[in-house]
Structures are given as C-alpha cells and as structure tokens.
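Everything below concerns the one structure shown next.
Numbering (the working numbering), first residue to last: -9 to 326.
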C-alpha cells in the first residue's frame, strides 16, 4: 500500500492526458499515479499503453460519471491518502508535500485542497475551488477568490492555510479511511456538487476540511461539460437541492428549503429572459426531479445521520450570497 495515490478519472480526455500527465509524472515523487478510465471511446487507453507502459490503468466497464466512476476506482486502490485529480490540471513542483505534511500532523484533517489558479489566465483564480470552498446557508457554493462567475486576481491574499467548508473535486486530497467510512461520493449526483456533499458529511462527522495555499495547481476547467452547458446547469441545481435535504436538520429544512426553491425558480426566469432558454428549462427540470424523488433522497438522509456528530451550521456563511452578490453588488470574498 502506498502512502499517496493520485487517481485521475479520464473520459475521452486523450488530449488532456498528453498535455498534463507529464507534469503529474514529473512532480509527484513518491506517489502512485493511476488512471481510472470511464469507458472512453477515444484512443486514451492506447495512448497510455504506448506513452506510459508502466502506469496503472483501472478500466471502468461503462461511463459511470464522476461520482460512481471514482467510487468504482477507489475500491481498487490501496493508499493512506487519495488525491482525486482532474485530467485538465497542471501541477507544480512539490505540490503534494505541503498538504500531505499538514494532514499527517493533524489526524482530524480528513480532506484538503491546494490553491487552484486558471491555466489560461495564470494570475487569476479558477472557478472550481479557487482559494477554498464556502457555502451559504441556502446551499449556494462560492469560494475565496470566486463568487459566482467573478474571479479574483491572485495577489497572494489567499496564500494562507485555513479551514474551509469544502475542497474542490478538481484536486481533492482525502484520507482513504474517511472516504470509505462515509460512503464516498454519492453515485446519484453523477457530477457536480458531489464533493460538497462529501465534505458536508466530513464536517458533520467531526473532521475538518482545509485549504493550503502553499501548494498551487492550474486548472483548465469545463473539460467535460462547458460552463454554459444546460446539462451542467441541471446537475448543479438538482444536486444543490439534494444536498440540503441530505445534510440539514428537519428544522433547518423547513425554514431554508422553500427559500432555496423560490430562488432557483427566479434563476430559471432570469436564464429564460436573458436568452438562455435551455438553461432556464434545465433549472425547472431539476426542481421537478427533486420533487418527484424526495422519498429516495430522504432515505439517503438516514444513512448520513448515522455518521453525524455535530451541527456544522457555524461553518456556513449565514447570509445569502445571492442577495449579497446580485443586490448588494459585492464581487470579492474579502468584502463579504
């Protein structure tokens, strides 16, 4: 069993593997690098067999998506720490050491992420994770360095080491024991918000999630689903509602869920009248799915409750990020 296994989930990403795998291979001394292939139909496997004949490949029999794909692969990986790494990420020298060292010194740290900067605009933070993930009390995610689509320039303002609510799935360090103890990623999420759901469970179980700005990676983003894709809109809104029901107390749900659904419907109207009709319809479909599958989601909630040891409400941002961003005009995390 290795100490650190870097597992890259690939789906038709041959070009990304060719471009970014060299940086992982060169800068990850002492780590095992594994490719989990989500039943790609391009030449990813033949490329890997030729260019990296000694690299371990886990072939997944069908495209299971991000969540189930990783669950399938990680059942077959033995390591103390997993690093879930997107195929469109360029890593830097010594990128794993600060985070693994931090986690080794504090057994209560279950998950962590590095600083995530944009590959195309390296002086700016990247959408997925930025300087550490946060969540408002209605379940809307944002980051230090990114609120909705507003990205901050990296001026060293998040070069710290600090507790955060969630760590990005684009580059997620996690203890294997905790990953399996808490049931891994939710298969039904397929993709998007699944790491937030897992990190919520991690926090509720009494562990902490950390951000470490001493490590930096560069992320392209939107490699599988572009940011404007209606499928991505659907998954984000559907999974966002599921997230609340799985993890909030019943009292919190009664007061917060109706507000969240109302704001989601407002978003659908906004999408529609701004010309993004497909995105607007995607939000409506997400609400319909949520409403018709509530019994299934409630059953998941029972499993989550078994591992809860504390209420994590104190870690959440106790105001509406939607209100602060769209009505108050706040664009930077430090101005919240």
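In this text, a Cβ means the ideal position worked out from N, Cα and C, and glycines have one as well.
No experiment lies behind these values; they were computed from the predicted model shown.
C-alpha gap between residue i and residue j, whole angstroms
i: residue 189; j: residue 173; result: 12 angstroms
i: residue 234; j: residue 200; result: 22 angstroms
i: residue 256; j: residue 277; result: 12 angstroms
i: residue 239; j: residue 32; result: 45 angstroms
i: residue 45; j: residue 37; result: 11 angstroms
i: residue 317; j: residue 67; result: 47 angstroms
i: residue 11; j: residue 254; result: 38 angstroms
i: residue 285; j: residue 302; result: 24 angstroms
i: residue 226; j: residue 7; result: 26 angstroms
i: residue 76; j: residue 184; result: 14 angstroms
i: residue 215; j: residue 176; result: Reliability of the predicted coordinates at residue 215 is poor, the pLDDT of 48 falling under 50, and no value is obtained from them.
i: residue 160; j: residue 74; result: 7 angstroms
i: residue 112; j: residue 205; result: 14 angstroms
i: residue 131; j: residue 122; result: 11 angstroms
i: residue 258; j: residue 270; result: 4 angstroms
i: residue 153; j: residue 88; result: 15 angstroms
i: residue 264; j: residue 322; result: 24 angstroms
i: residue 54; j: residue 30; result: 11 angstroms
i: residue 298; j: residue 241; result: 16 angstroms
i: residue 309; j: residue 21; result: 41 angstroms
i: residue 64; j: residue 19; result: 21 angstroms
i: residue 329; j: residue 148; result: The chain is shown only over -9 to 326; residue 329 falls outside these bounds and no answer can be derived.
i: residue 289; j: residue 110; result: 42 angstroms
i: residue 296; j: residue 283; result: 21 angstroms
i: residue 133; j: residue 266; result: 25 angstroms
i: residue 287; j: residue 13; result: 40 angstroms
i: residue 168; j: residue 243; result: 26 angstroms
i: residue 198; j: residue 9; result: 34 angstroms
Closest by C-alpha distance to residue i, when choosing among the options
i: residue 170; options: 152, 226 and 62; result: 62
i: residue 245; options: 204, 11 and 127; result: 127
i: residue 108; options: 144, 74, 132 and 98; result: 144
i: residue 83; options: 297, 298 and 15; result: 15
i: residue 251; options: 268, 274 and 113; result: 274
i: residue 268; options: 198, 148 and 224; result: 224
i: residue 42; options: 186, 296, 54 and 23; result: 23
i: residue 220; options: 272, 198, 259 and 186; result: 272
i: residue 118; options: 289, 54 and 186; result: 186
i: residue 60; options: 289, 166 and 324; result: 166
Residues bridged to residue i [DSSP beta-bridge criterion]
i: residue 79; result: 209
i: residue 86; result: In the DSSP output, where bridge partners are listed per residue, residue 86 has none listed.
i: residue 27; result: 0 and 49
i: residue 202; result: 104 and 151
i: residue 166; result: Bridge partners of residue 166: none, in fact.
i: residue 115; result: 107
i: residue 132; result: 124
i: residue 141; result: 136
i: residue -6; result: 71
Beta carbon of residue i nearer than 8 angstroms to that of residue j
i: residue 151; j: residue 202; result: yes
i: residue 291; j: residue 222; result: no
i: residue 300; j: residue 129; result: no
i: residue 5; j: residue 27; result: no
i: residue -5; j: residue 72; result: yes
i: residue 79; j: residue 191; result: no
i: residue 70; j: residue 139; result: no
i: residue 103; j: residue 162; result: yes
i: residue 34; j: residue 3; result: yes
i: residue 155; j: residue 232; result: no
i: residue 97; j: residue 307; result: no
i: residue 261; j: residue 229; result: no
i: residue 50; j: residue 25; result: no
i: residue 320; j: residue 314; result: yes
Nearest-angstrom beta carbon gap, residue j and residue i [assumed within contact, 8 angstroms]
i: residue 137; j: residue 311; result: 7 angstroms
i: residue 81; j: residue 207; result: 5 angstroms
i: residue 120; j: residue 106; result: 6 angstroms
i: residue 181; j: residue 57; result: 7 angstroms
i: residue 100; j: residue 48; result: About 23 angstroms separates the two Cβ atoms, so there is no contact after all.
i: residue 115; j: residue 146; result: Actually they are not in contact, since the Cβ atoms of residue 115 and residue 146 sit about 12 angstroms apart, beyond 8 angstroms.
i: residue 85; j: residue 17; result: 6 angstroms
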